[in-house]
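*Asks:* Please see the structure below; I have some questions.
2 protein chains.
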Amino acid sequence: MNTTGATSGDERLPQPATADIDLVTVLHALGDPVRLTLLLSYSDDAEHSCDPRGLGLEHLHKSTVSHHMRVLREAGVTTTRVAGRNRFVRLRRADLDTRFPGLLDALLAAAAA
Amino acid sequence: MNTTGATSGDERLPQPATADIDLVTVLHALGDPVRLTLLLSYSDDAEHSCDPRGLGLEHLHKSTVSHHMRVLREAGVTTTRVAGRNRFVRLRRADLDTRFPGLLDALLAAAAA
Numbered sequence: 078m079n080t081t082g083a084t085s086g087d088e089r090l091p092q093p094a095t096a097d098i099d100l101v102t103v104l105h106a107l108g109d110p111v112r113l114t115l116l117l118s119y120s121d122d123a124e125h126s127c128d129p130r131g132l133g134l135e136h137l138h139k140s141t142v143s144h145h146m147r148v149l150r151e152a153g154v155t156t157t158r159v160a161g162r163n164r165f166v167r168l169r170r171a172d173l174d175t176r177f178p179g180l181l182d183a184l185l186a187a188a189a190a
Numbered sequence: 078m079n080t081t082g083a084t085s086g087d088e089r090l091p092q093p094a095t096a097d098i099d100l101v102t103v104l105h106a107l108g109d110p111v112r113l114t115l116l117l118s119y120s121d122d123a124e125h126s127c128d129p130r131g132l133g134l135e136h137l138h139k140s141t142v143s144h145h146m147r148v149l150r151e152a153g154v155t156t157t158r159v160a161g162r163n164r165f166v167r168l169r170r171a172d173l174d175t176r177f178p179g180l181l182d183a184l185l186a187a188a189a190a
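Those sequence lines, one after another, are chains A and B.
Mapping to the numbering used here: the first sequence position 31 is 108, numbers consecutive.
Mapping to the numbering used here: the second sequence position 4 is 81, numbers consecutive.
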């Protein structure tokens, strides 16, 4: 049984509190083609497994994709839920909208254009 | 007499055309504390000299500031006018607004917060 888990008993990997999300760190995290692709994948607000094949990143090694996911999570862009041996990633849309109003929508529109 | 100059006879340093401004490159350029500080300085839409003292960057070497200015210009964030031995930098607000609607305003609001 998890002692650090949420109601569901699942754990979350470390992430900054909303108030600690830093603009420079977010921009640096998103200033990379793979991570911007991940942002677009996560923009459906669903939880995504870490399997590169489900993210259109089949051409990258799993450890490379994991690295990019970690950068996004540590920047505060995503949250990662651990359920047993599985990890599920989701966009922190509400937190980003709170911290930087309008920024995420503008970024997603620009990235999708 | 300049052959590449604008009406005034001044030259511009190389910069991407508006349609070629790339989101990843812009985000990478702005994912740096000094360059984000420069963006805020340039947000008054005035031309600025390259003197670090006028930009609140007295603590940095002139060559370091020049490097950061070059990154911003090559990303398409700024334009640099050469007038004799002087260079003047200005934000490409209209070009950025055309390329990525809403993004610059959201970035400036977030950076100023």
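For glycine and all other residues, C-beta sits at the position ideal for the given N, C-alpha and C.
The model shown is predicted, which means the values in this text are computed figures rather than measured ones.
1) Tell me, which residues are paired with residue 94 of chain A by DSSP?
2) Give, in chain order, every residue of the segment 83 to 112 of chain A whose Cβ lies closer than 7 Å to some Cβ of chain B.
3) According to DSSP, what are the bridge partners of residue 167 of chain B?
4) Quick one: Cα of residue 83 of chain A to Cα of residue 168 of chain B, how far?
5) Check whether chain A comes within 7 Å of residue 79 of chain B, counting only Cβ atoms and requiring the distance to be less than that.
6) Quick one: list the residues of chain B neighbouring residue 187 of chain A, beta-carbon separation under 7 Å, in chain order.
7) So with Cβ pairs under 7 Å, would you call residue 160 of chain A a contact of chain B?
8) Using only alpha-carbon positions, find the residue among B/158, B/89, B/103 that is nearest to residue 188 of chain A.
9) Which residues in the same chain have their Cβ closer than 7 Å to the Cβ of residue 119 of chain A, if we skip the five residues on either side of it in sequence?
10) Inspect the CB distances between the segment 95 to 114 of chain A and the segment 140 to 150 of chain A and report whether three or more fall short of 8 Å.
11) For residue 152 of chain B, count neighbouring C-beta atoms within 10 Å of its own C-beta (all shown protein chains included) and say buried if the count is 16 or more, exposed if not.
12) Using CA coordinates, which residue listed in A/143, A/122, A/174 is at the minimum distance from residue 100 of chain A?
13) On the premise that residue 183 of chain B lies in contact with residue 183 of chain A, defined as a C-beta separation below 8 Å, what is that separation, rounded to the nearest angstrom?
14) Would you mind working out which of B/186, B/190, B/180, B/172 sits nearest residue 97 of chain B, comparing C-alpha positions?
*Replies:* Judging by the given coordinates:
1) For residue 94 of chain A, which the question treats as bridged, DSSP gives no partner whatsoever.
2) 100, 101, 104, 105, 107, 108, 109, 110
3) B/156
4) Confidence at residue 83 of chain A is low in this model, with a pLDDT of 46, below 50, so the placement of that residue is unreliable and no value is reported for it.
5) Bear in mind that a pLDDT of 37 at residue 79 of chain B, under 50, signals an unreliable position, so the model cannot answer this.
6) 100, 177, 180
7) no
8) B/103
9) 125, 155, 166, 167, 168
10) yes
11) buried
12) A/174
13) 4 Å
14) B/172
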